[in-house]
Amino acid sequence: MQIVTITCKDDFGLLLYQLRSMDRFLEPCTVNVVINETENIIDYTNQIKSTVHNIKIWTQYDILQMPAPNKYGWCSQQLLKMLIPINDDYISLDCKDMFIKPTTLSMLTKRHRRLGVHPGKNDPWPEFYNSMIKYMWKHYRKKVNVTDLDNIQTPRVIKKSVVNKIPDIWGSNKKFINWWGQFGMPSEFIMYDCIQQLEQKNQMNKFKPHQIVAVWYKEDIDFDAIKDNTFMLKIHRRVYNDPKTQKIVIDWIKKLLTTP
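Heads up: the sequence shown begins at 6 in this note's numbering, then just goes up one per residue.
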C-alpha cells in the first residue's frame, strides 16, 4: 500500500509540513507527491525530501499525458489522484492532512463516518452525477445506491482493481479525461464509490470519533478538539494562508510536531 498526496503553489507550504509530520509519525512507505503545476516544477522538487520515506514526484503531465481538461486546479487534481499510474492500491491524501500521532497504514484503511451529499439532488452535482450514472448503467446494468456514498474526504483507500475499470466504462482514459473536463465540480470519490459499489468491493470499518480533526475555517481552531486518539489534523489552506490565522496555525503545527 502506497501514499498519494497532491499539492500546488497555493498550498505547497502545507505539503512541506505534511512531509515533516510523515517523517515523524507515519510508518515507512512509498509516498507519491503529485505537483499540480505546469511551470517551475524544479523549484518545488528541490524542496521535497524525506529521511524516512521513499519519495516519488509526479507532475500533471506525467499522469495525464495531455493538458488538463479544465483550467481549475481543484478539478484537475481529482483526475490526478485517480489516474496516477502506480501498480498498487494506495491511500489518497490532501496535503492538508497532518499526522500528529504514530500512525500505521492500516489505521488509514477505513471509511469515513459521515455519508456524502446526495449528488443527484444537491447543487452543483446533478449534471456530473446524471452523466456518470448513464455510463455506469450502460456498463453494469445495475443501479447505484446513492444513499451509500461516503463523504468526499481524505484519507481514502483507492483500489487499483476499481480504478482499472475506468477505461472499460468510458472507452479509454483519454475519453474519460475529456468527459471529466466538462464539469466544474466533480468528485473523484463519488465516482470511485459508485464503481466500487457496483463491483461489490465496499467493505471497510469506519473511523472512530475524534480520530480525525478538521480545521476548515478559522472558527474551527480549537486545541481542545484534539483528543488522545486523534492521529490526523486536517488544516484547509484558506486558514493556513489567511494572514489573520497563519501564525496561529503554524505555531500549532510546530508544537504538534515537536512535542514528545
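Ideal Cβ placement from N, Cα and C applies to all residues, glycine included. Note that the coordinates shown come from a computational prediction; the quantities given were computed from them, not determined experimentally.
- Two segments are said to touch when three or more pairs of C-beta atoms, one from each, lie closer than 8 angstroms; by this definition the stretch 202–215 touches the stretch 148–163.
- For D102, no alpha helix (DSSP H) segment is defined; the enclosing uninterrupted segment is the beta strand (DSSP E) at 102–104.
- Unbroken alpha helix (DSSP H) runs of no fewer than 4 residues, entirely contained in the stretch 95–159, are found at 131–145, following chain order.
- Here DSSP, grouped into helix, strand and coil, assigns M27 to helix.
- The stretch 99–116 makes no contact with the stretch 169–185; the number of CB pairs closer than 8 angstroms stays below 3.
- When T56, L31, M190, T64 are compared, the shortest CA-CA separation from E44 is found for T64.
- The beta-carbon distance between K115 and F212, rounded to whole angstroms, is 5 angstroms. This is short enough to meet the 8 angstroms contact definition.
- For L19, the closest alpha carbon among the candidates G186, I226, C100, C34 is that of C100.
- Taking 8 angstroms as the cut-off, the Cβ atoms of K139 and D93 do not count as close.
- Per the C-alpha coordinates, the member of K170, A73, D153 positioned closest to F188 is A73.
- The straight-line gap separating the alpha-carbon atoms of S136 and G78 is approximately 22 angstroms.
- Two segments are said to touch when three or more pairs of C-beta atoms, one from each, lie closer than 8 angstroms; by this definition the stretch 19–33 touches the stretch 250–265.
- F194 sits buried, since 16 or more C-beta atoms from the chains shown fall within 10 Å of its C-beta.
- Runs of the beta strand (DSSP E) spanning 3 or more residues and lying entirely within the stretch 8–74 occur at 35–40, 59–64, in chain order.
- A direct Cα-Cα distance of roughly 44 angstroms separates M71 from F228.
- For Y95, same chain residues with a beta-carbon under 6 angstroms away, outside a window of 5 residues either side, are Q7, V9, I163 in chain order.
- Between P160 and L113, the gap from beta carbon to beta carbon is short of 8 angstroms.
- Nearest C-alpha to Q208 among H117, D67, I89, N75: H117.
- Within the same chain, K239 come within 6 angstroms of A219 by CB-CB distance, once the 5 residues on both sides are set aside.
- For I253, no beta strand (DSSP E) run applies; the uninterrupted alpha helix (DSSP H) run containing it begins and ends at 251–263, by DSSP.
- Secondary structure at K164: coil, using DSSP grouped into helix, strand and coil.
- Its chain contains N178 as the residues whose beta carbon lies nearer than 6 angstroms to that of P172, once the 5 sequence neighbours on both sides are disregarded; these appear in chain order.
- In the DSSP assignment, the residues bridged to A219 are K239.
- The alpha-carbon of I68 is positioned some 7 angstroms away from that of P90.
- The Cβ atoms of W130 and M196 lie no closer than 8 angstroms to each other.
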